[in-house]
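To keep things clear, I will list the structure first and then write my remarks on it.
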Amino acid sequence: MITLGIPGSPTMAVIMGGLMIFGLQPGPMLFKDHPDFVWGLIASIWIGTVFGLIMVLMFAPLFAAILRIRFSILMPIIIYVCAIGAYAVNNRVIDIYYMIIFGIVGYFFKKLDYPIAPMVLALVLGDLAESAMRQALIMGHGNPLILFRPPIALPLMIAAILIFFWPTISSWKQKLSAEKAA
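Our numbering puts the first residue of the sequence shown at 2, with every later residue one more than the last.
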């Protein structure tokens, strides 16, 4: 679906977000304007799939053995490795605190049945959205009402807020209907 510029999966949405960050517009013109990149992308996906298959076939017994480790032992190891990764990005301790905060937020999102893919996409596209917001506020001389000036803006923002809260609203409706039926 990269030829049409439509993400077919959450993974492809993240890839397309990354392409847009680097100034490549997904769609039919990507194949015409940047064929070397497209064929490199296709080759890397194919090579990654082959290597993934080889790794899974080689290490399947090891992966099964890891599953036999008690959760109380495995979880601190996972958190420690995640903390090292968070620290290694910028060599700042605050990144570990960010990891903890967003881990807690992710836990509550999981409990409330929010999908993970939009959150990942928001993290990928956050810098792009921030620069666009800055440009809009500069054009509006600091007035945030410029965001509501186009007639379509308010309905789109209301729809975005409703979509964000829809999983919570639908679960509440299901609980209420289940209580009425009981």
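Glycine residues also receive a C-beta, built at the ideal position from the N, C-alpha and C atoms.
Among the options, whose alpha-carbon lies nearest the alpha-carbon of residue i?
i: G24; options: M13, P11 and F38; result: F38
i: L113; options: F52, M59, S73 and F165; result: F165
i: L31; options: G18, M13, G6 and T50; result: G6
i: Y115; options: S171, I153 and G18; result: S171
i: W40; options: T4, G19, F72 and I70; result: T4
Under 8 angstroms by Cβ, that's how I've got residue i and residue j pegged, so tell me the actual separation to the nearest angstrom.
i: V57; j: V125; result: Going by Cβ atoms, the distance from V57 to V125 rounds to 26 angstroms, so no, they are not a contact pair.
i: V94; j: Y88; result: 7 angstroms
i: P8; j: M17; result: 5 angstroms
Are the CB atoms of residue i and residue j nearer to each other than 9 angstroms?
i: I79; j: P11; result: no
i: M100; j: A84; result: yes
i: L148; j: A137; result: yes
i: I67; j: L75; result: yes
Expressed to the nearest angstrom, what Euclidean distance is found between the alpha-carbon atoms of residue i and residue j?
i: P29; j: I46; result: 19 angstroms
i: A179; j: M120; result: 30 angstroms
i: P62; j: V51; result: 19 angstroms
i: A183; j: I162; result: 32 angstroms
i: T169; j: F109; result: 11 angstroms
i: M13; j: G127; result: 17 angstroms
i: R71; j: Q175; result: 35 angstroms
i: I105; j: W173; result: 22 angstroms
i: M158; j: K33; result: 35 angstroms
i: I153; j: L129; result: 21 angstroms
i: K181; j: L155; result: 36 angstroms
i: P145; j: G107; result: 29 angstroms
i: G19; j: G143; result: 29 angstroms
i: G141; j: P151; result: 13 angstroms
i: A133; j: V90; result: 25 angstroms
i: I97; j: G49; result: 30 angstroms
Check whether the Cβ of residue i lies closer than 9 angstroms to any Cβ atom in chain B.
i: I48; result: Judged by its chain identifiers, the structure shown contains no chain B, having just a single protein chain.
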